[in-house]
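So in UniProt numbering, spot 6 of the sequence shown is number 6, and the numbers just go up one at a time.
For reference, the structure is listed below as structure tokens.
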Amino acid sequence: MLPDDCTVGFIVERRLGISMVHSNMFHSHLENLLLLVPSDIPKQVTLSYGWFENKMNSVELKGVFTIDEDPSRFRTVHCLLYPTTSWCPVALKGALSWNQHVLP
Numbered sequence: 001m002l003p004d005d006c007t008v009g010f011i012v013e014r015r016l017g018i019s020m021v022h023s024n025m026f027h028s029h030l031e032n033l034l035l036l037v038p039s040d041i042p043k044q045v046t047l048s049y050g051w052f053e054n055k056m057n058s059v060e061l062k063g064v065f066t067i068d069e070d071p072s073r074f075r076t077v078h079c080l081l082y083p084t085t086s087w088c089p090v091a092l093k094g095a096l097s098w099n100q101h102v103l104p
């Protein structure tokens, strides 16, 4: 089975005949995601997570969920972008800005 990014690349280039271009807004688990600036995360097209150099590799955010509850930090990113989602913590239901939460 191919990783999802390889599958999308194959479909776009080989099946649709569209040349892909490099973008710094797409992120793989094969890059050090800790280097992403937290305030830039809302501007990204894709994020990833996984193991890199024998440790968990995910974006670094001061979370509304613990690392055990949200090891990928995807729930945290979702709730910071969409705080009115029913399963997001009440602390985010108000008019809180992204920058109040992202800095580790």
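Positions of the beta carbon are idealized from the N, C-alpha and C atoms, including for glycine.
query	result
From LEU36 to SER48, what distance separates their C-alpha atoms?	12 Å
I'd like the ranges of any beta strand (DSSP E) spanning at least 3 consecutive residues and lying wholly in the UniProt domain "Fringe-like glycosyltransferase" (2-73).	50-52, 55-57
Less than 8 Å between the CB atoms is what I'm expecting for VAL77 and LEU61, so what's the real figure, rounded?	7 Å
Sorted by chain position, which residues of the same chain lie with C-beta nearer than 8 Å to TYR82's C-beta, five sequence neighbours on each side aside?	CYS88
So, is SER86 buried or exposed, given that buried needs 16 or more other C-beta atoms within 10 angstroms?	exposed
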